[in-house]
Amino acid sequence: MKTFDAIRADLSAGTTTCEQLTGDYLRAIDAGKSLNAFLSVFPEKALQRAREVDKKLRVGKAEPLAGMVVAVKDVLALQGERVTCGSKILENFVSPYSATSIQRLLDADAVIVGKTNMDEFAMGSSTENSAFGRVKLPQDESRIPGGSSGGSAVAVKAGMATTALGTDTGGSIRQPAALTGVVGMKPTYGRVSRYGLVAFASSFDQIGPFALCAKDAAQVLNVISGHDEKDSTSADVPVPDFVKALKKNVKGLRVGLPKEYYGDALTAEIRNAMEKKVDVLRSNGAVIQEVSLPHTEYTIATYYILATAEASSNLARYDGARYGFRADGVRDLAEMYTKSRSQGFGAEVKRRIMLGTYVLSSGYYDAYYRKGQKVRRLIQEDFLNAFKKVDCLITPTSPTTAFRAGERTDDPLQMYLSDIYTTSANLAGIPGISIPCGSDKQGLPIGLQILGKHFDEATILNVADFLENAKE
Amino acid sequence: MPWNEQYEPVIGLEVHAQLLTKSKAFCSCSTEFGREPNSNVCPVCLGMPGVLPVLNRNLVEFIIRMGLATNCAIAPHSIFARKNYFYPDLPKGYQISQYEEPICSNGWIEIELEDGTRKKIGITRIHMEEDAGKSIHDQDSDTLVDMNRCGVPLIEIVSEPDIRSPRESYLYMHKIRQTVTYLGICDGNMEEGSLRCDANVSVRKKGETKLGTKTEVKNMNSFRFVEKALEYEINRQIDLLESGEKIIQQTLLWDSNKGIAAPMRSKEEAHDYRYFPDPDLAPVFVDEKWIAGVKKTLPEFPTARRDRFVSEYKLPKYDADVLTAEKELADYFEGVVKNLVKKTDESFKLASNWTMTDVLRVLNEQHIVLRDFPLPPNHHAEMINLIVDGTISGKIAKDVFEEMLKSKDSPKSIVEKNGLMQVSDEGAIERVIDEILTNNKGQVEEYQSGKEQVFGFFVGQTMKAMKGKANPKVVNEVLRRLLEQMKK
Ligand SMILES: [Zn+2]
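Chains as they are written, first to last, in the numbering used here: chain Y, 83 to 554; chain G, 118 to 605.
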């Protein structure tokens, strides 16, 4: 498994080609079939593109991601390919257009090798909710890789792609990154265009990279970031060079440890692993202080009220009328709707549609949705207040390491708590990154989360890069 | 059908107007009418997975125009909402609309009642939304969907319950139509559905201040039906109350064939739209500068224009009313006026007469709108110039007018080509009259013996002989002179 820097060195030394690299990744995908990380793979297309990139490399006219082979979560549209969202309802839906993020990767000469498995419509924390079977943790196939972007996390971990794109609505990039032991980043809301990302919860969803190291994540972020006129919520703010932001230095950096994130839910092993990394920062000149995010206890409830409300509306279009799955043997319109949706959606998606429909319904809107919006603002203010004192926050990514498949499927609330440390960043719209932080007694990866100010991905990437390379 | 005078109806209207923007509300598809089904579509308006709406700024501009024209407050900050319901012609499963925080609120417009008094009708709010597609139910019980209209921008104008009769509703609708067409934001065609109207109706005993239970009447797709349907519903409600029954709050559909408003099936109206702010669209910010810019582009409104036509062109109020009823006609008239050589009250009145009678007659006969009228204002003005300077007579002008409609030639070239110039030359006219008098000795004698009406006969004969081209004034003069001479 090689980082993009190493790949580029090989390419310029002439010891490999983009075509060879792509072939290697395709063989890894084939060898790792049991992990069920991919929903579709395009070998011919990928190799064809790789040859084109090689041509460009030979004449020195290649774009910055030449040599990078990318897997994308199957919730992102790629023209002419299926976009299933892990759902039976879109099983055979072929997208007529490409997502902006994917187009930007292609324009930068990345090769897209396939589309990865996921929890249906990105709803889940274990990638067990896919209509096409669960994704397995490479280190222990009886365990889950986290979710919902479990396929993308596994693709990077198992050497099936250099990097991968995932989406993060409540932790769906950071949590699987932590559980599989790779880097996973959720940019600031508005940093990356959502055009072509099949919406789960529009005001939460963000696209971000999985990578073996912070620098690779920065390279991808450089390409996919920036305003897009097709997405009114994409921010028209300057995009810095995130690779240049890796200063190899944390002197004077003010780091906050939110005390609410280090409560009883956390195991001693994870706590100790975190403390070791914090010590590294301290000994290298960072200033560590405890901060408080007083509304933390409301994050999960607020998230599940607001995100499901948006989902209930976003998923209304899958009705069997124009595309996607339509149930057989229906007598009238109402039956077409109810049967297509009952048979097409999985249990978790239906649960969330019902939750969201309930919180928006007349008589309950004020008590749930409107109140949820108010609490969301309080949570945002918590972060803004904390960031007056510190430059970034360090927390665990997940309260536990990878659990066994089936362990939480009967208990949705327990499953929802997997995201207890990650959903706040989506409520506040701030960027967050999860990096590997040692492992537990069973050898399962632990993740450390760094949260930053709005549009200050540079700082958290720098901290991530520093911790990767610093000696403990 | 009049109603029991002890009762007073209370009516509020919700009017949807389809806007004439070139592209749809949230994508760049064309709004062109009459294209092949499902040709003005793209992934965005088809609600494909992963697409996002992007607001068309022209839509905001159009609604600001309407807001200003109806004396509304324009909100500096307004938001879009999703109205959720399932229907095959609604591809996203929700319609983008505005709910809380609409862009325009608290306005009014004035209607002129038959007795000439003016009445203000309050406008509660005007908001933006997108239209749905069209379901086509064919004979084989299949339903086909045409998405060309899906995403076309609409505004919804909600009135206060200030309207007190079907007639007032009719006048209000006309005023709305006049306003949107003057502003150029909607073609105002009710029959084709670019203007749609729903009504909230209740009745109460006169003097009562509490509102009665209201019903909603939909599907009134012409100005006439608005009046008829409301008369029907008012009478229905009064009859129920008179017989001691209660009004049920429900939605009724006007059936123009049967002449009744029948309740919708309760299943169809049991909607909980679950409105909530659309997270895909940023709030709309409208600053003073934008409003001021739009204000500058507003046209002169009908009432002001009518008053100006009376004072500037000295037209009778009747003429001014007819000419300003529709912006296109008023613009046409002023286009003629602009090209008149002699700007006198006489030529203004001529232009008015020709516009009111001949132009409107042709529009009626050919069932066309002014946009398709073949005679441009400058040609029309040239014809009036020829009348005023005596080149052609009013009678010849009628022929020139018809010829212009057919050939689209300029009046000058038609007159020249066909030798239609009016003859004012006394010598030429005298020669003709001489001959007529010589050939009609009997009639001359009759005239001499005091039968004045024979004079008309000579005029007619002269005009006939000269193919209508003789200047009637000169004919009169010469004829009188010659007849006088013959007396001696
Ligand atoms: Zn479109």
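All C-beta atoms, glycine included, are put in the ideal place defined by N, C-alpha and C.
query, result
"Should Tyr299 of chain G and Ile228 of chain G be called a contact, given that it needs their Cβ atoms to be closer than 8 Å?", "no"
"In chain G, which residues lie less than 8 Å from Gly278 of chain Y when you measure between Cβ atoms?", "Gly167 and Val168"
"With DSSP as the reference, label Gln607 of chain G as helix, strand or coil.", "Since the first residue of chain G shown is 118 and the last is 605, residue 607 of chain G is not available in this structure."
"Could you have a look at Pro125 of chain Y and say whether DSSP puts it in helix, strand or coil?", "helix"
"Hey, out of G:Glu333, G:Val334 and G:Ser319, whose CA is closest to Lys327 of chain G's CA?", "G:Ser319"
"Tell me whether Trp407 of chain G sits in a helix, a strand or coil according to DSSP, three-state version.", "helix"
"Nearest-angstrom Cα distance between Arg336 of chain Y and Thr482 of chain Y?", "27 Å"
"Whole angstroms is fine: what's the gap from Val457 of chain Y's alpha carbon to Ala317 of chain Y's?", "23 Å"
"If contacts are defined as beta-carbon pairs under 8 Å, then Glu202 of chain Y and Ser212 of chain Y qualify, I think. What distance do you get, rounded to the angstrom?", "6 Å"
"Compute every distance between the C-beta of Gly268 of chain G and the non-hydrogen atoms of ligand 3, then say whether any falls below 7 Å.", "Here the bound small molecules are ligand 1; ligand 3 is not part of this structure."
"Given a cut-off of 8 Å on the beta-carbon distance, is the pair Asp313 of chain Y and Ser275 of chain Y in contact?", "yes"
"Where does the unbroken alpha helix (DSSP H) through Glu612 of chain G begin, and where does it stop?", "Because chain G in this structure spans residues 118 to 605, residue 612 of chain G falls outside the shown range and cannot be described."
"Could you tell me the distance, in whole angstroms, from the CA atom of Lys209 of chain G to the CA atom of Ala403 of chain Y?", "11 Å"
"Can you give the Cα-Cα distance for Leu219 of chain Y and Thr262 of chain Y, rounded to whole angstroms?", "7 Å"
"So, is Glu126 of chain Y buried or exposed, given that buried needs 16 or more other C-beta atoms within 10 angstroms?", "exposed"
"Would you mind sorting Ala159 of chain Y into buried or exposed? The rule is 16 or more other CB atoms within 10 Å of its CB.", "buried"
"Under 7 Å Cβ to Cβ from Ile170 of chain Y, same chain only, skipping five residues before and after it: list those, please.", "According to the sequence as given, residue 170 of chain Y is Lys; it is not Ile. Closer than 7 Å at Cβ, skipping near neighbours: Ala213, Phe407 and Gly426."
"Do the segment 132-139 of chain G and the segment 283-296 of chain Y meet, that is, are 3 or more Cβ pairs less than 8 Å apart?", "no"
"Mapping the DSSP letters down to three states, classify Ala179 of chain Y as helix, strand or coil.", "Note that residue 179 of chain Y is Tyr in the sequence shown, not Ala. Three-state DSSP puts Tyr179 of chain Y in coil, outside helix and strand."
"Would you kindly report the start and end of the unbroken beta strand (DSSP E) that includes Pro380 of chain G?", "Ile377 to Pro380"
"Between the beta-carbon of Leu130 of chain G and the beta-carbon of Ser276 of chain G, is there less than 8 Å?", "yes"
"Can you tell me the Cα-Cα spacing of Pro416 of chain G and Pro400 of chain G, whole angstroms?", "28 Å"
"So for Met521 of chain G, helix, strand or coil by DSSP?", "helix"
"With a threshold of 8 Å between beta-carbons, can Thr270 of chain Y be considered close to chain G, or not?", "no"
"With a cut-off of 8 Å, does the C-beta of Val158 of chain G fall near any C-beta of chain Y?", "no"
"Assign Asn544 of chain Y to buried or exposed, taking buried as 16 or more other Cβ atoms, counted over all protein chains shown, within 10 Å of its Cβ.", "buried"
"Which residue from Y:Cys167, Y:Glu379, Y:Ala148 and Y:Lys453 puts its Cα closest to that of Thr99 of chain Y?", "Y:Ala148"
"Does the Cβ-Cβ distance between Cys189 of chain G and Met264 of chain G come in under 8 Å?", "no"
"At 8 Å on the CB atoms, spell out the chain G contacts of Thr439 of chain Y, in chain order.", "Arg391"
"Which residues of chain G have a Cβ atom closer than 8 Å to the Cβ of Pro178 of chain Y, listed in chain order?", "Pro160 and Met165"
"Using only the alpha-carbon positions, how far apart do Ser156 of chain G and Ala198 of chain G sit?", "27 Å"
"Going by other Cβ atoms of all chains shown within 10 Å of its Cβ, with 16 needed for buried, is Pro433 of chain G buried or exposed?", "exposed"
"Going along chain G, which residues have a C-beta under 7 Å from Glu417 of chain Y?", "Those do not exist, as Glu417 of chain Y stays about 12 Å from chain G at its closest Cβ, beyond 7 Å."
"Name the chain G residues that come within less than 8 Å of Val165 of chain Y, Cβ to Cβ?", "Pro166 and Gly167"
"Among residues of its own chain, excluding the 5 on either side of Leu357 of chain G, which ones have a beta-carbon nearer than 8 Å to its beta-carbon?", "Lys363 and Ile364"
"Could you check what DSSP says for Trp371 of chain G in three-state terms: helix, strand or coil?", "strand"
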